[in-house]
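Counting in our numbering, the sequence shown runs without a single skipped number right up to 243 at its last residue.
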Amino acid sequence: MIRTGLFSRFKTHTSSFFITRRWLSTLAGDERSEIAFFDLETSVPTKSGKPLVILEFGAILVCTRTLVERDRYSTLVRPTDLSLISTFSKRRSGITREGVLSAPTFAEISDKVHDILDGRIWAGHNIKRFDCVRIREAFAEIGKSPPEPKAIIDTLPLLSQSFGKRAGDMKMATLSKYLGLGAQAHRSLDDVRLLLEIVKICATVELLVMLSFSFLQLLMESSVADILPETNRPFPKKKPEKP
1 MIRTGLFSRF KTHTSSFFIT RRWLSTLAGD ERSEIAFFDL ETSVPTKSGK
51 PLVILEFGAI LVCTRTLVER DRYSTLVRPT DLSLISTFSK RRSGITREGV
101 LSAPTFAEIS DKVHDILDGR IWAGHNIKRF DCVRIREAFA EIGKSPPEPK
151 AIIDTLPLLS QSFGKRAGDM KMATLSKYLG LGAQAHRSLD DVRLLLEIVK
201 ICATVELLVM LSFSFLQLLM ESSVADILPE TNRPFPKKKP EKP
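Below is the structure:
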């Protein structure tokens, strides 16, 4: 019973990480095989009914084999409707109204964003419910077809499944503090790089856990084999097949 309960929970917690990693390695030879980690910083509506607007876009392209950054792009974004940032003040991220006003509009950077994202694997934290939705809305507003992903990796459910409640609410800021990586910057490029480090650390932790459980399993089997007679062992040796 101990063996069944312990190792079944372990397999559940680690399988998602390593299935994802093996799947990514099979894409390494494909065209546009990099993972596009991207993040958006948006306005915070002061009144109900007001839309969110993108204030910053940041992305890095990461090799699927090595998880090394190959390219990057980031820019502030000026909303077409400036009334949406009429009460905008400096945020803790350092984004200012003046900086946003001197930035290009989304229409002006849309071709670059499309080239970065289209046909690649998208990755981000809570990306399915937030960033993907905002990107599609932004392209719809300028009358262009949105980029389409090869696949989407949302690290929020992925890490939640593997780590449970060990890291609290699983928000980026909480994960960063839990793993000793410092405070979240709340800037797009900094945040995607932080997320990549979080993924690397979590994958390493899961690997160490897997090795520890494998060693424990071998130790348990060895100990039981020394104590119990052959007929009462929970893991009896297989009899050699007759030729």
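Cβ atoms here follow ideal geometry from the backbone N, Cα and C, with glycine treated the same way. Nothing here was measured: the structure is a model prediction, and the numbers come from that model.
- Just measuring C-alpha positions, the residue of R134, A140, M172, G124 sitting nearest A151 is G124.
- I127 has its alpha-carbon roughly 15 Å from the corresponding atom of A138.
- In this chain, T96 is not harboured by any alpha helix (DSSP H), its DSSP state being neither H nor E.
- Here S83 carries a helix assignment [DSSP, helix/strand/coil].
- Beta-bridge partners assigned by DSSP to Y178: none are found.
- For the 8 Å CB-CB criterion, L117 and P149 form a contact.
- Looking at the DSSP output, S74 sits in a beta bridge with G58.
- Residues of the same chain with a CB within less than 8 Å of the CB of T105, apart from the 5 flanking positions on each side, are V77, R78, P79, T80 in chain order.
- When the five nearest sequence neighbours on each side are left out, the beta carbons in the same chain lying within less than 7 Å of the beta carbon of K144 are those of S110, in order along the chain.
- Remark: fewer than three beta-carbon pairs, one from each stretch, lie closer than 8 Å, so the region 164 to 171 and the region 57 to 70 are not flagged as touching.
- With contacts defined by Cβ atoms closer than 8 Å, L194 and M172 form a contacting pair.
- Inclusion of P45 and L55 in the CB contact set at 8 Å is not warranted, their separation being larger than that value.
- Counting the other Cβ atoms within 10 Å of the Cβ of D154 gives 16 or more, which makes it buried.
- Selection I121, D115, S74 evaluated against V100 yields S74 as nearest (Cα-Cα).
- According to the DSSP assignment, I116 belongs to the alpha helix (DSSP H) that extends over 106 to 117.
- One Cα belongs to L175, the other to K200, and the distance between them is close to 13 Å.
- The shortest CA-to-CA distance from E141 to any of R97, E108, S48, G58 is the one to E108.
- For F37, DSSP records a beta bridge to I60, A123.
- A straight line joining the alpha-carbon of D39 with that of W122 spans about 10 Å.
- Counting other Cβ atoms within 10 Å of its Cβ, S102 stays below 16 and is therefore classed as exposed.
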